[in-house]
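In our numbering, the protein residues as written are 41 to 399. Backbone N, C-alpha and C define an ideal beta-carbon position, used for all residues, glycine too. Working notes, structure below.
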Amino acid sequence: MTGYLLRRLLLVIPTLLGIITINFAVIQFAPGGPVEQMIAEMRGRGDTMQRLTSSGGGEASSAGDAHYRGARGLDPHVLADIQKMFGFDKPPLERFEKMLGDYATFDFGRSFFRDDTVIHLIEQKMPVSVSLGLWSTLLVYFISIPLGIAKAVRDGSRFDVATSAVVLIGYAIPGFLLAILLVVLFAGGSFLQIFPLRGLTTSGSEHWSLFDRIIDYGWHIVLPTTAIVVGGFASLTMLTKNCFLEEIRKQYVITARAKGASEQRILYRHVFRNAMLLIIAGFPAAFIGILFSSSLLVEIVFSLDGLGLLGFESTIRRDYPVMFGTLYIFTLLGLVMQIVGDMMYTMIDPRIDFSSRQN
Numbered sequence: 041m042t043g044y045l046l047r048r049l050l051l052v053i054p055t056l057l058g059i060i061t062i063n064f065a066v067i068q069f070a071p072g073g074p075v076e077q078m079i080a081e082m083r084g085r086g087d088t089m090q091r092l093t094s095s096g097g098g099e100a101s102s103a104g105d106a107h108y109r110g111a112r113g114l115d116p117h118v119l120a121d122i123q124k125m126f127g128f129d130k131p132p133l134e135r136f137e138k139m140l141g142d143y144a145t146f147d148f149g150r151s152f153f154r155d156d157t158v159i160h161l162i163e164q165k166m167p168v169s170v171s172l173g174l175w176s177t178l179l180v181y182f183i184s185i186p187l188g189i190a191k192a193v194r195d196g197s198r199f200d201v202a203t204s205a206v207v208l209i210g211y212a213i214p215g216f217l218l219a220i221l222l223v224v225l226f227a228g229g230s231f232l233q234i235f236p237l238r239g240l241t242t243s244g245s246e247h248w249s250l251f252d253r254i255i256d257y258g259w260h261i262v263l264p265t266t267a268i269v270v271g272g273f274a275s276l277t278m279l280t281k282n283c284f285l286e287e288i289r290k291q292y293v294i295t296a297r298a299k300g301a302s303e304q305r306i307l308y309r310h311v312f313r314n315a316m317l318l319i320i321a322g323f324p325a326a327f328i329g330i331l332f333s334s335s336l337l338v339e340i341v342f343s344l345d346g347l348g349l350l351g352f353e354s355t356i357r358r359d360y361p362v363m364f365g366t367l368y369i370f371t372l373l374g375l376v377m378q379i380v381g382d383m384m385y386t387m388i389d390p391r392i393d394f395s396s397r398q399n
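If you want it as structure tokens, here you go:
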């Protein structure tokens with residue numbers, strides 16, 4: 041088991057390197073980088089351009105247009121200063137090597153457009169995203185597992201058909217679309233003003249009592265978690281049902297029934313442990329999936345200042361340090377959670393031995 045764990049940990053390094061390399065290469069060809077945005081911002085200020093643009097516009101035009109759109113008429117010295125400010129005065133390979141060296145020590149640099157370090161920004165936003173992802177994942181499991189078991193026991197009944205219809209409807213509605221609908225219906229859109237629209241806490245709540253802060257937090261998180269849970273519990277419900285159906289039809293269940301064991305004893309003493317292996321062991325992966333994908337647009341709709349909103353704004357503004365820093369953290373957490381999921385397999389079912397696997 042130790043050997044398998046070491047191999048998986050060593051595989052994290054080339055995986056991280058490959059993902060960062062591919063994304064860095066793609067970014068080099070993406071238009072509208074920070075230099076271009078700074079040039080566009082400067083061009084929008086007429087008085088600033090009068091101070092920065094030199095009288096020899098023809099020479100400046102040929103120098104600027106060689107690399108950046110919109111640099112026509114800009115003083116080459118000003119353009120060089122902008123490139124140096126963002127670190128683009130060095131060739132891509134040199135920048136990439138420096139980035140890898142810094143990332144090895146978790147030094148992600150500073151944001152281009154926020155007066156803060158990337159690691160501090162991530163530390164600020166992480167609690168919001170983790171809170172939303174954790175509660176949503178727990179609710180998905182608490183709803184899906186009992187519902188999936190009930191559907192398996194009543195397979196083919198009216199209850200099974202009716203709940204399947206509800207599950208499919210929930211699965212068909214995108215999380216962000218449901219989030220918008222919830223805002224319209226319950227957060228002061230066109231109908232009711234029951235739940236708050238922005239953030240996870242009320243302004244000034246830090247001075248409230250602990251009980252009041254808990255109630256306030258719970259009230260704020262109702263709509264975001266609902267938007268994620270409704271679309272997320274469908275696949276897990278069907279997975280739970282199929283796992284239990286597969287186990288119920290096996291020979292050991294038939295043998296237990298022949299010996300006179302009750303259905304409850306068979307279900308929860310024999311079937312449950314085997315059927316729940318795949319479901320429980322997949323909890324880390326489910327949490328990462330909700331944290332990194334499902335909550336992104338929900339955070340944007342509800343103006344939750346988490347990693348999803350941070351990543352979205354950084355992508356729009358081409359804030360490369362924040363983009364690559366969050367990508368690095370997301371990828372690292374995802375890979376570690378996959379290893380944790382494998383370890384949970386052995387905890388739930390000791391018969392599984394990863395150390396016997398061959399390379």
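At what residues does the alpha helix (DSSP H) containing Ile288 begin and finish?
-> For this step, residue 288 is matched to residue 248 along the sequence shown. Unbroken alpha helix (DSSP H) run through Ile288: 250 to 288.
Around the C-beta of Ala219, are 16 or more other C-beta atoms found within 10 angstroms, so that it is buried, or is it exposed?
-> Within the sequence shown, the letter at position 179 stands for residue 219. So Ala219 counts as buried.
Is the stretch 358 to 373 touching the stretch 174 to 186 in the sense that three or more CB pairs, one from each, lie closer than 8 Å?
-> no
Would you kindly work out how many angstroms separate the C-alpha atoms of Gly210 and Arg135, rounded to a whole number?
-> Counting from one through the sequence shown, the residue named residue 210 turns up at place 170. Counting from one through the sequence shown, the residue named residue 135 turns up at place 95. Approximately 46 Å, taken between the alpha carbons.
With DSSP as the reference, label Thr157 as helix, strand or coil.
-> Here the question's residue 157 lines up with position 117 in the sequence shown. If DSSP states are grouped into helix, strand and coil, Thr157 belongs with the strands.
Any chance you could list the alpha helix (DSSP H) runs of at least 4 consecutive residues sitting entirely within the stretch 287 to 357, in chain order?
-> 291 to 298, 312 to 321, 323 to 329, 335 to 341, 347 to 357
Under 8 Å by Cβ, that's how I've got Val338 and Phe216 pegged, so tell me the actual separation to the nearest angstrom.
-> What you label residue 338 is simply residue 298 of the sequence shown in a count that begins at 1. What you label residue 216 is simply residue 176 of the sequence shown in a count that begins at 1. Going by Cβ atoms, the distance from Val338 to Phe216 rounds to 6 Å, so yes, they are a contact pair.
Assign Leu232 to one of two classes, buried (16 or more other C-beta atoms within 10 Å of its C-beta) or exposed (fewer than that).
-> Residue mapping note: residue 232 aligns to position 192 of the sequence shown, counting from 1. The residue in question, Leu232, is exposed, as its Cβ has fewer than 16 Cβ neighbours within 10 Å.
Rounded to whole angstroms, what's the CA-CA distance from Ser197 to Leu285? Just pull it up for me.
-> The count along the sequence shown starts at 1 and reaches residue 197 at position 157. The count along the sequence shown starts at 1 and reaches residue 285 at position 245. The alpha-carbon atoms of Ser197 and Leu285 are separated by roughly 14 Å.
Looking only at its own chain, which residues have a Cβ that is under 8 Å from the Cβ of Phe327, when we skip the five neighbours before and after it?
-> Translated into positions along the sequence shown, residue 327 becomes position 287. The residues are Gly173, Leu174, Thr177, Met377.
Taking C-beta to C-beta, are Val269 and Leu344 nearer than 8 Å?
-> In the sequence shown, counting from the first residue as 1, residue 269 sits at position 229. In the sequence shown, counting from the first residue as 1, residue 344 sits at position 304. Contact flag unset, no.
Option in Pro236, Lys165, Met383, Leu375 with minimal Cα separation from Leu51 | Stepping through the sequence shown from its first residue, residue 51 is reached at position 11. The option with the nearest alpha carbon to Leu51 is Leu375.
Can we say the stretch 258 to 268 touches the stretch 279 to 293, given the rule of at least three CB pairs closer than 8 Å?
-> no
Cα-Cα, which of Lys281, Lys299, Gln123, Ala205 is closest to Asp195?
-> By one-based count along the sequence shown, residue 195 stands at place 155. Minimum Cα distance to Asp195 is reached at Lys281.
Give me the Cα-Cα distance between Gln164 and Asp156, rounded to the nearest whole angstrom.
-> The count along the sequence shown starts at 1 and reaches residue 164 at position 124. The count along the sequence shown starts at 1 and reaches residue 156 at position 116. For Gln164 and Asp156, the distance between alpha carbons rounds to 11 Å.
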